[in-house]
Structure formats: C-alpha cells, structure tokens
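Here the sequence shown stands for residues 1 to 59, where the numbers follow the working numbering.
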Amino acid sequence: MPQHARTTRVCRDCDGFPVVAITTGTRHRDGTRATLRIACPACQGTGTTAPAALARTGR
C-alpha cells in the first residue's frame with residue numbers, strides 16, 4: 001500500500017513537537033516535580049509552519 005504524504009508542513013525547528021516540559025529541579029509539597037512548559041518560538045506552539053511565499057513575482 002502506498003504511503004500518504006503529509007498535508008501539513010511540520011516546523012523545522014521543533015520537528016512537530018512544539019511544547020516541552022522542563023523540570024526546574026525543585027519539588028512541590030506533595031513530592032511532584034515543578035516543571036515549566038516552553039513553546040517553540042518559531043511556530044508559537046502549533047508544530048506547523050505556513051507555506052513559504054514565492055521568491056519571484058514573474059516580472
């Protein structure tokens with residue numbers, strides 16, 4: 001069976017994983033770790049990018 005091509009453009013900076021959780025090293029009172037959620041600055045946390053505009057305008 002043929003593979004279907006993706007119809008969305010994946011962000012090349014985050015490779016489709018737009019939000020990550022980073023541990024700060026500290027713990028809450030209940031023992032869980034304190035984390036920060038960081039979004040990809042290139043795609044603003046969507047994981048996709050817009051198609052590139054045409055470089056030439058056909059003059």
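Using N, Cα and C, we set each Cβ at its ideal position, and we do this for glycine too. Given the structure is predicted, the values throughout are model-derived calculations rather than measurements.
DSSP places residue 39 in the uninterrupted beta strand (DSSP E) bounded by 33-39.
Listed in chain order, the non-local C-beta contacts of residue 36 below 6 Å within the same chain comprise 22, local neighbours out to five positions each way being set aside.
In the structure shown, residue 21 adopts extended strand secondary structure according to DSSP, grouped into three states.
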